[in-house]
Amino acid sequence: MSSILTYLEPKEVLLRTATVLKGTFDPAKVATVSVVAEDKYPLSVELNRAEGRWQVDLPNGLTAPGIRWLRLKAMDSSGRELDNQQAYITVSEQPMTVADSLSLEVLHDTFFKATPAPSTTLSDRHKAQIPKGRSFGVSRYTVEGDRVKIELNTDVEPLGRFGYFYKPHVQLVKAEQTQRVTVDNVPDPPPGFCQLWVAQTTKIKTKPEDSIQLSAHQQAELLQGQTFLTFGHTSFANHFRIMLRDPIPGFGQIGYVYKDHVKLKKDGEWIEYNPNATNLSILKTTVIKKRPVDSSTLSAADRYTLPIGSVYGVVAYSSEAGHLKVSLSENLPGFGNTGYLYADFVRLLRGETPLSAVSDRTPSPEDPLTYTGPKEVLVKQAVTLTGNFDPQSISAIAVVAEDKYPLKVELDRDAGTWRVVLSNGFNTAGLRWLRLRGADSNNQLVSSEIIYITVSTQATTVGEPLRLRVEQNTWFKVAPLDSQQLADEQKVMVKGGTTFSVSRYGLVDGHLKVNLDPAVNPVGSFGYFYEGHVELTKGEKVLRFDIEDVPDTNLTAKMLVTRTTFIKARPVDSSMLNASQKADLKLGTTYGITGYACTEGHFRVTLTNSIPGFGNVGYIYWQHVQIKKNNDVIPYEPDALTITIRETTAFKKRPISAANLGPTEKTTLNLGRVYGVASYAIEDNHLKVSLTEEFPQFGNTGYIYPPHVLMRRGSRAFDPLPDRIELNVPYFSQRDNPRYYWSTCNVTSIAMVFYYYGVRSKWGGQLEDELLQWCFNYAGEGSQTNHSVLSALIRAYGFKHQFVTTARWSDVKNELINRRPVVIAGYFTATGHILTIIGFNSRGYIVQDPWGDALTGYSYTEGRKLLYPYGYMDEVCGPEGNIWIHTIAQ
38 MSSILTYLEP KEVLLRTATV LKGTFDPAKV ATVSVVAEDK YPLSVELNRA EGRWQVDLPN
98 GLTAPGIRWL RLKAMDSSGR ELDNQQAYIT VSEQPMTVAD SLSLEVLHDT FFKATPAPST
158 TLSDRHKAQI PKGRSFGVSR YTVEGDRVKI ELNTDVEPLG RFGYFYKPHV QLVKAEQTQR
218 VTVDNVPDPP PGFCQLWVAQ TTKIKTKPED SIQLSAHQQA ELLQGQTFLT FGHTSFANHF
278 RIMLRDPIPG FGQIGYVYKD HVKLKKDGEW IEYNPNATNL SILKTTVIKK RPVDSSTLSA
338 ADRYTLPIGS VYGVVAYSSE AGHLKVSLSE NLPGFGNTGY LYADFVRLLR GETPLSAVSD
398 RTPSPEDPLT YTGPKEVLVK QAVTLTGNFD PQSISAIAVV AEDKYPLKVE LDRDAGTWRV
458 VLSNGFNTAG LRWLRLRGAD SNNQLVSSEI IYITVSTQAT TVGEPLRLRV EQNTWFKVAP
518 LDSQQLADEQ KVMVKGGTTF SVSRYGLVDG HLKVNLDPAV NPVGSFGYFY EGHVELTKGE
578 KVLRFDIEDV PDTNLTAKML VTRTTFIKAR PVDSSMLNAS QKADLKLGTT YGITGYACTE
638 GHFRVTLTNS IPGFGNVGYI YWQHVQIKKN NDVIPYEPDA LTITIRETTA FKKRPISAAN
698 LGPTEKTTLN LGRVYGVASY AIEDNHLKVS LTEEFPQFGN TGYIYPPHVL MRRGSRAFDP
758 LPDRIELNVP YFSQRDNPRY YWSTCNVTSI AMVFYYYGVR SKWGGQLEDE LLQWCFNYAG
818 EGSQTNHSVL SALIRAYGFK HQFVTTARWS DVKNELINRR PVVIAGYFTA TGHILTIIGF
878 NSRGYIVQDP WGDALTGYSY TEGRKLLYPY GYMDEVCGPE GNIWIHTIAQ
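What the sequence shown shows, in the working numbering, is residues 38 to 927, in sequence order.
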């Protein structure tokens with residue numbers, strides 16, 4: 038290592054955190070030191086000649102995540118270069134895990150490296166060879182894919198303490214538990230607890246999904262051989278849901294672990310995963326009680342709060358005194374495992390399926406009332422709802438639509454059946470729900486459940502199942518990523534001709550997201566197929582997801598590569614392309630771009646300079662890069678509004694002939710240019726548009742003559758002239774939220790509006806996660822369902838706000854006409870739901886539904902820019918004068 042010039046620290050920093058770069062130099066030889074970030078950005082260097090040290094102060098830290106590098110140069114008094122070297126800094130979005138009695142064992146001869154790049158690409162200055170058998174104490178660490186980012190307790194020359202190991206070559210070991218690496222040595226837990234043993238290094242997660250889909254704060258690593266005491270467990274979605282006795286720092290107490298990576302032991306026996314286990318899902322935050330009485334009459338020791346969205350295993354259940362009595366498979370701290378609940382606030386599941394949807398379910402003393410069908414009906418067509426009941430325990434049955442409209446129920450006590458005849462059917466399409474209740478002879482509630490019915494407008498497909506056929510050999514994957522970036526256990530090849538039943542589906546990043554039956558190991562029942570390789574049908578109808586060409590938006594911007602990836606000639610899996618059709622893009626590199634489009638899960642970019650052997654136009658997976666213009670991140674928005682200039686025209690301050698306007702009241706839009714549109718409306722036979730870029734001395738809002746332009750929503754052209762308005766609000770799904778995804782429609786809908794107004798997450802992650810944490814800090818967990826807390830949240834971010842419970846539909850339209858999206862609450866589901874209205878036309882409201890498409894019964898899980906008919910909205914959000922909305926204005 039050079040003694041003339043060195044770089045000392047830091048080797049790893051947090052994103053946007055004040056940082057001081059430090060190093061040494063030889064003052065007898067060196068006159069000046071220069072530090073340039075990525076050979077582009079010169080930094081101001083302070084020299085301390087007395088101590089031979091240099092430093093660079095960065096009060097705002099480093100603003101882009103990934104591997105950043107510095108060019109260090111030392112010159113003498115004549116300007117001659119004495120030393121020229123590179124230094125690497127890892128910029129992390131989340132803090133590394135602080136190790137507790139942890140060591141790292143080297144299993145194979147390997148390299149300790151300054152960056153995760155292949156060792157053959159690094160100089161001797163940036164790597165150190167480590168022989169098999171070495172061990173190190175660990176200070177901090179993070180496991181990222183196939184690499185371990187680590188800070189050791191001792192220096193390794195020439196790198197120091199921070200660097201990267203190739204994960205298969207090393208093993209992290211908990212010092213005090215090294216003797217428990219075999220199943221024979223796992224100790225029995227104390228009475229009332231289970232012992233969790235980690236059979237192979239894995240993650241505990243906030244959601245039962247593959248860890249590659251989750252951010253760092255949504256998971257924590259569990260090392261092979263570790264043991265944990267748990268209060269109990271639940272079998273759910275190929276995972277054990279567990280409640281730990283001792284919380285994991287930075288993670289918490291409750292999480293999901295993959296069933297094949299751990300074992301659970303209780304009373305000397307190993308517990309098997311049960312895919313058909315009975316589970317209890319909490320629909321609304323409620324109290325489990327020692328006695329079936331009003332919880333306000335009970336002491337704190339006789340009740341325990343179960344938060345909305347939680348899932349618990351059920352050993353046994355029955356109806357008693359108008360309550361559901363349950364024995365859970367885990368002990369609730371300070372309460373036990375058996376108690377009483379109001380049935381309206383919970384739902385029983387078999388595995389992941391509601392018991393009301395289990396086809397072989399028959400009435401029993403524990404479950405005396407059932408619904409047999411139908412699950413899907415045609416709008417405005419006669420329909421009969423049917424079910425079974427136990428005449429010994431049920432005296433009266435009530436069926437109420439959306440808790441508003443009682444329906445007439447006919448009972449056949451001899452046959453033990455009930456029915457509701459609707460001679461005119463359901464008048465509006467969409468997801469409808471009914472509350473089914475049974476009472477005994479004393480009018481005590483015995484059974485209560487929610488029935489969901491999809492009311493369809495498609496006569497040819499009503500009642501038909503969803504099926505998927507694989508058209509050619511393809512990968513079924515845990516994430517919509519290139520298969521080469523996934524480990525073997527995260528993908529499986531499925532042969533062409535294979536067919537599956539499908540319960541839910543969505544289109545995400547050029548992939549079909551599906552729940553399959555049967556499951557495909559090792560991925561399971563939920564995963565992703567490349568859309569072009571499969572065909573989805575409902576009955577005889579093929580569901581089409583054709584993607585047309587999307588025009589480029591012209592701009593001058595920078596693209597930062599946030600994960601090593603490919604630029605490709607086509608937006609497909611890179612394994613399908615030959616070498617000439619793709620090129621490597623290295624983590625941390627930056628490219629100038631002159632245009633981009635969003636399509637099939639990729640940014641299509643036009644680079645300022647061509648890549649040798651590839652060219653200057655290609656496709657990059659959108660989550661692997663970040664495009665910035667004037668320091669603002671450009672979101673990936675496949676259905677973004679754009680306007681293409683069909684003939685050179687004027688952009689005007691007033692909706693009159695351009696000939697009657699002065700030069701400061703108009704600017705020219707040239708033929709062929711494409712502009713992003715923030716919002717538009719019709720006014721005086723003109724389009725009044727707000728564009729996503731400013732024009733010098735003009736601004737971004739003005740009037741355009743409609744025949745001179747073409748409007749597109751994503752790839753689809755449309756006519757904007759009917760009576761309509763649409764705001765270009767981004768779409769966020771609540772299904773990918775790390776915490777409480779089942780009950781964060783509220784903060785997700787608000788996040789869409791905030792983003793539309795220019796708010797970005799201070800953490801660099803999902804904006805809705807930040808808003809959820811604000812609610813927790815303000816009023817505790819679960820408070821995001823409280824409208825007063827949401828009102829406080831909106832005001833805290835500096836917006837004008839009103840929460841109105843007596844709104845009319847004219848109030849909603851007035852907000853939209855004034856280019857303000859509306860957050861609306863309604864009974865789209867039985868527990869209530871919130872979404873964002875972004876426009877309207879002659880047929881209904883244009884909405885961003887964070888849970889999916891209600892008109893498909895939420896079997897389609899993508900809710901981007903949907904059209905919900907006026908009648909349906911009035912049904913679930915009305916009546917007129919009783920609509921609940923949040924108005925948000927700058």
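Every residue gets a Cβ at the ideal spot worked out from N, C-alpha and C, and that includes glycine.
Strictly by DSSP, which residues pair up with Ile953? Residue 953 lies beyond the stretch modelled for the chain, which goes from 38 to 927, so this question has no answer here.
According to DSSP, what are the bridge partners of Asn85? Arg90
What is the C-beta distance between Val571 and Glu508, in whole angstroms, given that I count them as a contact (C-beta under 8 Å)? 6 Å
Tell me the rounded alpha-carbon separation between Thr421 and Arg456. 7 Å
Residue burial classification, Lys689 (beta-carbon count within 10 angstroms, cutoff 16): buried
Alpha carbon to alpha carbon, how far is Glu730 from Thr705? 14 Å
Sequence-distant residues of the same chain with beta carbon closer than 6 Å to Val849, five excluded per side: Val859
Quick check on Arg772: does DSSP put it in helix, strand or coil? helix
Where does the unbroken beta strand (DSSP E) through Met530 begin, and where does it stop? 528-531
Quick check: the stretch 54-66 against the stretch 89-109, are there 3 or more CB pairs under 8 Å? yes
Are the CB atoms of Tyr110 and Asn121 nearer to each other than 7 Å? Note on identity: in this sequence residue 110 is Lys, with Tyr being the wrong assignment. Cβ atoms of Lys110 and Asn121: closer than 7 Å.
Outcome for Asn667 when other beta-carbon atoms lying within 10 angstroms are tallied against a minimum of 16: exposed
I'd like to know if the stretch 543-556 and the stretch 477-490 are in contact, where contact means that at least 3 CB-CB pairs between them fall below 8 Å. no
In whole angstroms, what separates the C-alpha of Glu899 from that of Glu246? 18 Å
Is there contact between the stretch 347-366 and the stretch 305-320, where contact requires at least three CB pairs shorter than 8 Å? In the pairwise beta carbon analysis, the stretch 347-366 is classified as touching the stretch 305-320: at least three pairs are separated by under 8 Å.
Out of Ser432, Ile431, Val446, point me to the one whose CA is closest to Ala438's CA. Val446
I need the straight-line Cα distance from Leu51 to Val324, nearest angstrom please. About 41 Å.
Please return the same chain residues whose Cβ sits closer than 8 Å to the Cβ of Met38, not counting the five positions on each side in sequence. Low per-residue confidence applies at Met38: pLDDT is 45, beneath 50, and the placement is therefore not dependable, though the value from the model is reported in the following sentence. Beyond the five residues adjoining it in sequence on each side, Met38 comes within less than 8 Å, by CB distance, of Arg162, Glu194, Pro195 in the same chain, given in chain order.
Put Met613 into one of helix, strand or coil per three-state DSSP. Met613: helix per DSSP, three-state reduction.
Thr215, buried or exposed, once every other Cβ within 10 Å from all chains shown has been counted against 16: For Thr215, the predicted structure reports a pLDDT of 44, less than 50, and the residue's modelled location is therefore unreliable. A value from the coordinates is still provided. Classification for Thr215: exposed.
If you draw a straight line from the alpha carbon of Val383 to that of Arg901, how long is it in whole angstroms? 29 Å
Look up Asp756 in the DSSP assignment and say whether it is helix, strand or coil. coil
Would you kindly check if the distance between the Cβ of Arg177 and the Cβ of Lys934 is under 7 Å? No statement about residue 934 is possible, as the shown extent of the chain runs from 38 to 927 and does not include it.
Using the rule of at least 16 other Cβ atoms within 10 Å of the residue's Cβ for burial, across every protein chain shown, is Lys77 buried or exposed? exposed
If you follow the alpha helix (DSSP H) that Lys850 is in, where does it begin and where does it stop? Element bounds for Lys850: 846-854.
Could you work out which residue in Asn783, Val766, Pro700 is closest to Arg772 when comparing CA atoms only? Asn783
Shortest alpha-carbon distance to Gln263 belongs to which of Pro743, Thr315, Ile434, Ile241? Ile241
Does Ile604 come out as helix, strand or coil in the three-state DSSP assignment? strand
Just the Cα atoms here: how many angstroms apart are Thr21 and Leu473? Beyond the ends of the chain as shown, which are 38 and 927, falls residue 21; an answer cannot be given.
For Gln261, which of Pro228, Glu142, Trp106, Gly876 has the nearest alpha-carbon? Glu142
Just verifying my parser: in three-state terms, what is the DSSP assignment at Phe735? coil
What residue from Lys837, Arg600, Ser780, Asn851 has the CA that sits closest to Leu809's CA? The shortest Cα separation from Leu809 among Lys837, Arg600, Ser780, Asn851 belongs to Ser780.
Entirely within the stretch 414-455 and at least 3 residues each: give me those beta strand (DSSP E) ranges in chain order. 420-426, 433-438, 442-444, 447-449
Since Gln123 sits in a beta bridge, which residues does DSSP pair it with? Arg108
Do you know offhand how far Thr602's Cα is from Val128's? 18 Å
Could you pull the start and end residues of the alpha helix (DSSP H) that Val515 belongs to? Run containing Val515: none; DSSP gives neither H nor E here.
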